[in-house]
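Shown next, in structure tokens, is the structure this report addresses.
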Amino acid sequence: MHIDTVERHYESADETGMDLNSSKFIYNQHFTVTEMTSMKKTMWYDWLQYRFKTLKRRLCPTFENVRNTLIFVVLVAMLTKYCKDVYNPPKPHFVQSTSTHSDDAWITELTELDKSISNLKKYYNELNDKQDGLRLKIDDLMQQIEQKSRETNGWKNSMTGELSEIKLRTAEMSALVDSMKMDLEEKKSPKIIPSEEKTEVKTPEPIRPTSTFQLQPIHSKNRPPLSVNVANSLIGASIDETCSSRSVSAKDGFFYDVMSYFGTFQEGYVLLDRELLTPGEAWCTYDKKATLTVKLARYVSPTAVSYQHVRWSGIVPNHAPKLYDLVACLDPCCTQSEPLVTNCEYKASDNGFDEQEQFCFLPPSHNSSPINRVQFRFRENHGNMKKTCAYLVRVYGEPVTPPKEQTMDNGTTSHLETASVITPISEADVE
Numbered sequence: 001m002h003i004d005t006v007e008r009h010y011e012s013a014d015e016t017g018m019d020l021n022s023s024k025f026i027y028n029q030h031f032t033v034t035e036m037t038s039m040k041k042t043m044w045y046d047w048l049q050y051r052f053k054t055l056k057r058r059l060c061p062t063f064e065n066v067r068n069t070l071i072f073v074v075l076v077a078m079l080t081k082y083c084k085d086v087y088n089p090p091k092p093h094f095v096q097s098t099s100t101h102s103d104d105a106w107i108t109e110l111t112e113l114d115k116s117i118s119n120l121k122k123y124y125n126e127l128n129d130k131q132d133g134l135r136l137k138i139d140d141l142m143q144q145i146e147q148k149s150r151e152t153n154g155w156k157n158s159m160t161g162e163l164s165e166i167k168l169r170t171a172e173m174s175a176l177v178d179s180m181k182m183d184l185e186e187k188k189s190p191k192i193i194p195s196e197e198k199t200e201v202k203t204p205e206p207i208r209p210t211s212t213f214q215l216q217p218i219h220s221k222n223r224p225p226l227s228v229n230v231a232n233s234l235i236g237a238s239i240d241e242t243c244s245s246r247s248v249s250a251k252d253g254f255f256y257d258v259m260s261y262f263g264t265f266q267e268g269y270v271l272l273d274r275e276l277l278t279p280g281e282a283w284c285t286y287d288k289k290a291t292l293t294v295k296l297a298r299y300v301s302p303t304a305v306s307y308q309h310v311r312w313s314g315i316v317p318n319h320a321p322k323l324y325d326l327v328a329c330l331d332p333c334c335t336q337s338e339p340l341v342t343n344c345e346y347k348a349s350d351n352g353f354d355e356q357e358q359f360c361f362l363p364p365s366h367n368s369s370p371i372n373r374v375q376f377r378f379r380e381n382h383g384n385m386k387k388t389c390a391y392l393v394r395v396y397g398e399p400v401t402p403p404k405e406q407t408m409d410n411g412t413t414s415h416l417e418t419a420s421v422i423t424p425i426s427e428a429d430v431e
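The sequence shown lines up with residues 1 to 431 when you count with UniProt numbering.
This is the structure in structure tokens:
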């Protein structure tokens, strides 16, 4: 502000007689009209805001006031309801149905109830009748059971008598058979088989049966009395692999099939006469017409052939031979052969006893020349599997003198050739 304007203001103040220190003079002299207007608006806004807050405090209740008010209202309502129930109890209200429709509905329901009750009575009577019939049947059955028990007791007594008689007869028959065997052993002269270096006749000890006789004595009755297993690798028998089907591993899988090209080392077990047959120790092949050519331990006159699979019960395992033939080889590779026995079947018995070793005997009229090479021809296996596995084959026969112009094909000296006497095997030796 310029000096002349200030002086003018002071002069005007002096003329009017206004106090220079008053607020009105200060507002008029120091603030413009715009500033004074804005200040007045601000003052009015502050005053209104203050009034609004005051009214809000007085009129708008707080949360605590609202809660207390609601609790008071609820209590008053409960008290009024209680007072009404105490002093004015509700009277029972009976509705009198005068409409014919409701009467008809009640009548139909009552008739249905009567029918259901009558049906229940009938059903109860029928159950009683059935119960009486069942009691009569039970009494009849009890009488029949008592009668049958009496009959079975008499039958048991008669059977025990017959069994005792049979035991006496079997004892007499066994005594007669023993005496006849003793007479035959005394009358029969020993068979002498000459050896290559024959200087004097020696009487060696009798040849004992193989381990299979001791393992399964119940099958000894099926064995020929004067026969030896000449297909035993322990006495010189072997497999002619060049004239047999290609052997594979007994285990299934691509890895074992590949490894079988390098040798399975298990096919020799088919000729190893042993007591315990272990799973996997077998000669196996994938050929549909499987053939197994065997070089026997020495020249024999065959009498029987047998096959034994790994231990089984009830059902013959898959891959086991079912039908097979045995032929005698007339040349080294069996291109020319002579059938010895055909249609040999390895199967489960019907009487419930599982014969592990099953025999096929040559016909008595069969007179074949001495042989030292045979071939098994497996035609079918159990389960119609692609693979056929044979665990143990045996060829029984009487050792004979080999032809002078022929020698052993396998080039080995058989233990049977050195034996000069073969005595009959008695039942006591087998047991």
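Yeah, the Cβ is synthetic: ideal placement off N, Cα and C, and Gly gets one too.
Small disclaimer: the values here were computed from a predicted structure and weren't measured.
With 16 other Cβ atoms within 10 Å as the buried cut-off, status of residue i
i	result
Asp325	buried
residue 440	Residue coverage of the chain in this structure runs from 1 to 431, which leaves residue 440 outside it and unanswerable.
Tyr396	buried
Tyr299	buried
Thr293	buried
Cys83	exposed
Asn372	buried
Leu393	For the sequence presented, residue 393 should be read as Val rather than Leu. Val393 comes out buried.
Glu281	buried
Val270	buried
Cys243	buried
Pro363	exposed
Pro399	buried
Thr62	exposed
Thr80	exposed
Ser118	exposed
Gln147	exposed
Leu295	Looking at the sequence provided, one finds Lys at residue 295 rather than Leu. Label assigned to Lys295: buried.
Cys60	exposed
Thr111	exposed
Ser158	exposed
Val74	exposed
Tyr391	buried
Thr285	buried
Distance between residue j and residue i (C-alpha atoms, nearest Å)
i	j	result
Thr34	Lys41	11 angstroms
Arg379	Pro402	31 angstroms
Phe230	Val258	The sequence given here has Val at residue 230, not Phe. Roughly 33 angstroms between the two C-alpha positions.
Asn343	Phe376	11 angstroms
residue 436	Ser247	With the chain covering 1 to 431 only, the question about residue 436 has no answer from this structure.
Ala105	Glu126	32 angstroms
Pro302	Phe361	9 angstroms
Thr170	Glu185	22 angstroms
Asn65	Thr37	43 angstroms
Leu55	Leu48	11 angstroms
Ser116	Met142	39 angstroms
Pro321	Glu267	15 angstroms
Ser183	Met173	Just to set this straight, residue 183 is Asp in the shown sequence, not Ser. So the two alpha carbons sit approximately 15 angstroms from each other.
Asp140	Asn128	19 angstroms
Asp132	Asn384	59 angstroms
Lys387	Glu241	17 angstroms
Phe353	His309	15 angstroms
Arg67	Tyr87	30 angstroms
Pro114	Ile145	A quick correction: the sequence has Asp, not Pro, at residue 114. Distance between the alpha carbons of Asp114 and Ile145: 47 angstroms.
Lys137	Lys130	11 angstroms
Lys156	Asn351	23 angstroms
Trp283	Asp178	42 angstroms
Lys289	Val374	16 angstroms
Residues sharing a beta bridge with residue i, DSSP
i	result
Gly397	Val228 and Pro302
Val374	Val294 and Ala328
Thr388	Thr285
Gln144	Answer is none; Gln144 lacks a bridge partner.
Asn381	Pro321
Cys360	Val305
Cys344	Tyr324
residue 433	Look at the range of the chain in this structure, 1 to 431, and you will see that residue 433 is not part of it.
Own chain residues within Cβ distance below 6 angstroms of residue i, not counting five before or after
i	result
Pro339	Val327
Leu272	Ser233
residue 463	For residue 463 there is no data in the structure shown, the boundaries of the chain being 1 and 431.
Leu134	none
Gln336	Leu330
Ser97	Any answer about Ser97 is weak, because its pLDDT of 49 lies below 50 and its placement is not dependable; what the coordinates show is given next. Excluding residues within five positions, none has a Cβ falling inside 6 angstroms.
Phe255	none
Neighbourhood of residue i by C-beta, 7 angstroms cutoff - its chain only, sequence neighbours within 5 removed
i	result
Glu345	Lys322 and Leu323
Ser313	Asp354
Beta-carbon contacts of residue i that lie in its chain and below 8 angstroms, excluding the five residues immediately before and after
i	result
Pro370	Tyr299, Val300, Ser301, Val400, Thr401, Pro402 and Pro403
Cys333	Asp240, Thr242, Cys243 and Thr293
message: Threshold first: 4 residues or longer. Then list the alpha helix (DSSP H) segments lying entirely within the stretch 253 to 340, N to C.
response: Counting whole runs of 4 or more residues, the stretch 253 to 340 contains the alpha helix (DSSP H) stretches 254 to 259.
Every unbroken alpha helix (DSSP H) within the stretch 46 to 133, with a cutoff of 4 residues, ordered by chain: Counting only runs of 4+ residues, the alpha helix (DSSP H) found wholly inside the stretch 46 to 133 occupies 63 to 87, in chain order.
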